[in-house]
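*Asks:*
Protein chains: 2
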Amino acid sequence: MDSAAPSLLRAASPADLRRVVAGWHAAAETVAFVPTMGALHDGHLRLVEQARLEARHVVTSIFVNPTQFAAHEDLGTYPRTLERDATLLAEAGCDLLYAPTASTMYPAGFATRIAMDGPALGLETDHRPHFFAGVAIVVAKLLNQAQADVALFGEKDYQQLRVITRLVADLDIPTRIVGVPTERDGQGLALSSRNAYLSEGELDIARRLNGRLAAAAARVRAGDPIDAVEQETGAALLVDGFASVDYVAVRDAETLNPLKAAVDRPMRILAAAWLGRTRLIDNMAA
Amino acid sequence: MDSAAPSLLRAASPADLRRVVAGWHAAAETVAFVPTMGALHDGHLRLVEQARLEARHVVTSIFVNPTQFAAHEDLGTYPRTLERDATLLAEAGCDLLYAPTASTMYPAGFATRIAMDGPALGLETDHRPHFFAGVAIVVAKLLNQAQADVALFGEKDYQQLRVITRLVADLDIPTRIVGVPTERDGQGLALSSRNAYLSEGELDIARRLNGRLAAAAARVRAGDPIDAVEQETGAALLVDGFASVDYVAVRDAETLNPLKAAVDRPMRILAAAWLGRTRLIDNMAA
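See the structure below:
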């Protein structure tokens, strides 16, 4: 067993990032890219692991993107653990950590916004109207900076994955988008950097979300009316102890169009609910 | 002198375009890109000529982009001369003509818009509020499709050139943007595909625009108040025979910010005016 410490290249500017990636491409070596906001957990490391199967080299970015937070949200307190993250990435076999500053990403004079409809309509947008504009601009920038062959995103943020897939197709960004199944703890809770905000009692409640969604998905597949399943699942989450429920929704799995009844193509059930001041999201196939 | 007919490759899909460009890049040969709406005139051919100085290969696109026309504008009647254009491009030394269809560019489900401020504020936007959103989306797509090393745009559409330069920086599109000085006829009229709409009498009037701008630029450089120069130049154009004047404006040449007085860095004077149902624009350094 080789005990040598794995090495991790670092870049803080698009020029440095591109120089390394161009070198790999010049040697006909493929590159996979995993954009993150840091505070890495096993879900992120699963993305890096999958990235190693997709390409010869793996680049991970860590950037807590201010444009996807509203003024009242947790930009200031979002967990930042850069050196710990770097160690985890090196151990996971990531080749390069790209960590630009906010002023590198959004210099004075920045003048461009991206607005999405289609899969960005409803769900998260009803509750975080700024969110996908912020995601779209940062992902467009990061993908164009990295020039990777493939980029991986978790299915945990399922609407985000659909929005990014649409964005990349619409802007003709030459990077293939791959969604990776959600990593869960032993009791099915979707891993999230925001789980760090939860007390033990809140974690017990949070762990009921995935079971409620699995039961709802089974009911939808069995032909129960979608409206009833959505409403009853939301009510059950309140009984479980969630403070409030932003949505429980069954959608076309690709377009995220609302469904009046079950369809003979992939469906997805998505939910967002609050525990104290923490907002959790989860989803699964239906 | 070699009399063999020059050959011109053709592509209609992003995949075909990228295959050719990737082949050139694999051979370490650089690529320059000239996006156009066709109806080519000597101004476009000057762009191709300059492109040949910038890179080993030249790609020209012809696409009359519907998203940059408002409903009442001339999308339906915009001149389309594809086979004549192809002959001109081959003679000018262009290597590849890329002519996608509207449904290739904007397939069903297209869901992305780009909104610009900064250099997009005012001037054209005051009169064509849809215009730069349409330009931004099509240019982002075309540049990402072509993956060229450099792309060339005419200074005739000066505000557009500044908007595209900003867009490409903001989205980190890996293509260098080069502006090319406006090509003019023997009497100084800026070449434009829309000049084809003008009668002989209108052409006589149109040819006075560049002289008025040159005189205005000289006055600004000499220290005359900018407000007065703008107003008096607009009034002179009406006397010359223009039906109406959308704007005559002196701006910072890079940011296009309005100026209260002359500054010690590059300035630009820009104008838009109508002759019958035809709208002409022009600009020059001040």
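The listed protein sequences derive, respectively, from chains A and B.
The first sequence runs contiguously to residue 399 in the numbering used here.
The second sequence runs contiguously to residue 399 in the numbering used here.
Glycine included, every Cβ here is placed at the ideal spot set by N, Cα and C.
This one's a predicted model, so the numbers in the text were calculated from it and none came from an experiment.
Just checking: is the beta-carbon of A:F176 within a distance shorter than 9 Å of some beta-carbon in chain B?
*Replies:* Working through the first sequence from its first residue, we reach residue 176 of chain A at position 63. Judged by the 9 Å Cβ criterion, A:F176 is not in contact with chain B.
*Asks:* Tell me the DSSP secondary structure of A:N308 in three-state form.
*Replies:* Within the first sequence, numbered from 1, the residue matching residue 308 of chain A stands at position 195. Helix at A:N308.
*Asks:* Are the stretch 344-353 of chain A and the stretch 134-146 of chain B touching, with three or more C-beta to C-beta distances below 8 Å?
*Replies:* no
*Asks:* For A:W387, which beta-bridge partners are listed by DSSP?
*Replies:* Translated into positions along the first sequence, residue 387 of chain A becomes position 274. Per DSSP, A:S357, A:R392.
*Asks:* Would you call A:L195 buried or exposed, if buried means 16 or more other Cβ atoms sit within 10 Å of its Cβ?
*Replies:* In the first sequence, the residue the question calls residue 195 of chain A occupies position 82. Looking at its Cβ environment, which holds fewer than 16 other Cβ atoms inside 10 Å, A:L195 is exposed.
*Asks:* Should A:L195 be flagged as near chain B, meaning a C-beta pair shorter than 9 Å?
*Replies:* Against the first sequence, residue 195 of chain A aligns to sequence position 82. Output row for A:L195: interface = no.
*Asks:* At a Cβ threshold of 9 Å, is A:T214 touching chain B?
*Replies:* As a working mapping, residue 214 of chain A is identified with position 101 in the first sequence. Chain B, which has no Cβ nearer than 9 Å to the Cβ of A:T214, makes this no.
*Asks:* Starting from the beta carbon of A:K373, find every residue of chain B whose beta carbon is closer than 7 Å, and list them in chain order.
*Replies:* The count along the first sequence starts at 1 and reaches residue 373 of chain A at position 260. Chain B residues near A:K373: none, gap ~20 Å exceeds 7 Å.
*Asks:* Between the Cα of A:A303 and the Cα atoms of A:R392, A:Y360, A:E186, A:A203, which residue gives the shortest distance?
*Replies:* As a first step, residue 303 of chain A is located in the first sequence; it is residue number 190 there, counting from the start. Nearest option by C-alpha distance: A:R392.
*Asks:* Give every residue of the same chain whose Cβ lies closer than 8 Å to the Cβ of A:V293, excluding the five residues on either side of it in the sequence, and list them in chain order.
*Replies:* As a first step, residue 293 of chain A must be located in the first sequence, where it is residue number 180. The answer, listed in chain order, is R159, L160, Q163, L265, F266, G267, E268.
*Asks:* Nearest to B:R321 by CA position, among B:L166, B:G156, B:D262, B:R297, is which residue?
*Replies:* Taking the second sequence and counting its residues from 1, one reaches residue 321 of chain B at position 208. Checking every option, the nearest Cα to that of B:R321 belongs to B:R297.
*Asks:* Taking C-beta pairs closer than 8 Å, name the residues in chain A that B:G189 reaches, listed in chain order.
*Replies:* Residue 189 of chain B sits at position 76 when you count from the first residue of the second sequence. Residues of chain A passing the Cβ test: none, with the nearest at roughly 25 Å.
*Asks:* Which residue from A:G389, A:D377, A:R390, A:D365 puts its Cα closest to that of A:M397?
*Replies:* Locating residue 397 of chain A in the first sequence gives position 284, where the first residue counts as 1. The option with the nearest alpha carbon to A:M397 is A:D365.
*Asks:* Tell me, please, which residues DSSP counts as bridged to B:M397.
*Replies:* For the purposes of this step, residue 397 of chain B is identified with residue 284 of the second sequence, where counting begins at 1. For B:M397, which the question treats as bridged, DSSP gives the partners B:I382.
*Asks:* Is B:M229 close to chain A, meaning its C-beta is less than 9 Å from at least one C-beta of that chain?
*Replies:* Position 116 of the second sequence holds residue 229 of chain B. Taking Cβ atoms only, chain A reaches closer than 9 Å to B:M229, which makes this a yes.
*Asks:* Give me the subset of the stretch 235-257 of chain B whose CB atoms are less than 7 Å from a CB atom of chain A, sorted by chain position.
*Replies:* A253, K254, N257
*Asks:* What residue range does the alpha helix (DSSP H) around A:R132 cover?
*Replies:* By 1-based counting over the first sequence, the position of residue 132 of chain A is 19. Annotation for A:R132: the continuous alpha helix (DSSP H) segment containing it runs 127-139.
*Asks:* Could you tell me the boundaries of the alpha helix (DSSP H) in which B:V276 lies?
*Replies:* Mapped onto the second sequence, residue 276 of chain B falls at position 163. In this chain, the alpha helix (DSSP H) harbouring B:V276 covers 271-283.
*Asks:* Just list the residues that DSSP pairs B:L372 with in beta bridges.
*Replies:* Here residue 372 of chain B refers to the residue found at position 259 of the second sequence. Per DSSP, none; premise fails for B:L372.
*Asks:* Out of A:V171, A:D283, A:R241, A:M218, state which residue places its alpha-carbon closest to the alpha-carbon of A:L255.
*Replies:* Here residue 255 of chain A is taken as the residue at index 142 of the first sequence, counted from 1. Cα-wise, what sits closest to A:L255 is A:M218.
*Asks:* Does B:I290 come within less than 9 Å of chain D when only Cβ atoms are used?
*Replies:* Absence of chain D from the displayed structure is noted, the protein chains being A and B.
*Asks:* Along the stretch 272-301 of chain A, what residues have a CB closer than 9 Å to any CB found in chain B?
*Replies:* V276, R279, L280, A282, D283, L284, D285, I286, P287
*Asks:* Per DSSP, what are the beta-bridge partners of B:M229 in this structure?
*Replies:* Along the second sequence, read from residue 1 onward, the residue named residue 229 of chain B stands at position 116. Answer is A:T225, bridged to B:M229.
*Asks:* So for A:V252, helix, strand or coil by DSSP?
*Replies:* As a working note, residue 252 of chain A is residue 139 in the first sequence. A:V252: helix per DSSP, three-state reduction.
*Asks:* Assuming B:A199 is part of the alpha helix (DSSP H), what are its boundary residues?
*Replies:* One-based indexing of the second sequence puts residue 199 of chain B at position 86. For B:A199, the enclosing alpha helix (DSSP H) has its first and last residue at 195-205.
*Asks:* With DSSP as the reference, label A:A362 as helix, strand or coil.
*Replies:* On the first sequence, residue 362 of chain A is found 249 positions in, with the first residue counted as 1. Reduced to three states, the DSSP call for A:A362 is strand.
*Asks:* In chain B, which residues lie less than 8 Å from A:P232 when you measure between Cβ atoms?
*Replies:* Locating residue 232 of chain A in the first sequence gives position 119, where the first residue counts as 1. Simply A224.
*Asks:* For B:G292, write down the residues that DSSP places opposite it in a beta bridge.
*Replies:* If you number the second sequence from 1, residue 292 of chain B lands on position 179. Beta-bridge pairing links B:G292 to B:F266.
*Asks:* Please check if any C-beta of chain A sits within less than 9 Å of the C-beta of B:T173.
*Replies:* Taking the first residue of the second sequence as 1, we reach residue 173 of chain B at position 60. Closer than 9 Å: no.
*Asks:* Just to confirm the assignment, what range does the alpha helix (DSSP H) spanning A:T238 have?
*Replies:* The residue you call residue 238 of chain A lines up with position 125 of the first sequence. Run containing A:T238: 237-240, per the alpha helix (DSSP H) assignment.
*Asks:* Taking three-plus beta-carbon pairs below 8 Å as touching, is the stretch 177-195 of chain A in contact with the stretch 328-337 of chain A?
*Replies:* no
*Asks:* Determine whether the beta carbon atoms of B:A145 and B:E167 lie at a separation below 9 Å.
*Replies:* Looking up residue 145 of chain B in the second sequence gives position 32. Looking up residue 167 of chain B in the second sequence gives position 54. Yes, these two residues count as a Cβ contact at 9 Å.
*Asks:* Using a Cβ-Cβ cut-off of 7 Å (strictly less than) and excluding sequence neighbours within five positions of A:A356, which residues of its own chain qualify?
*Replies:* Numbered from 1 along the first sequence, position 243 holds the residue referred to as residue 356 of chain A. W387, L388, G389.
*Asks:* Would you identify the three-state DSSP class for B:S116, choosing helix, strand or coil?
*Replies:* Walking along the second sequence from the start, residue 116 of chain B turns up at place 3. For B:S116, the pLDDT reaches just 45, beneath the cut-off of 50, and the residue's location in the model is therefore unreliable, leaving the point undetermined.
*Asks:* Could you give the distance in angstroms between the alpha-carbon of B:G151 and the alpha-carbon of B:F176?
*Replies:* Start at 1 with the first residue of the second sequence, and residue 151 of chain B comes out as number 38. Start at 1 with the first residue of the second sequence, and residue 176 of chain B comes out as number 63. Using only the alpha carbons, I get a separation of about 7 Å.
*Asks:* Take B:I290 as the anchor and find which of B:A140, B:P148, B:I382 has the nearest alpha-carbon.
*Replies:* Position 177 of the second sequence, counted from the first residue, corresponds to residue 290 of chain B. Nearest of B:A140, B:P148, B:I382 to B:I290, Cα basis: B:P148.
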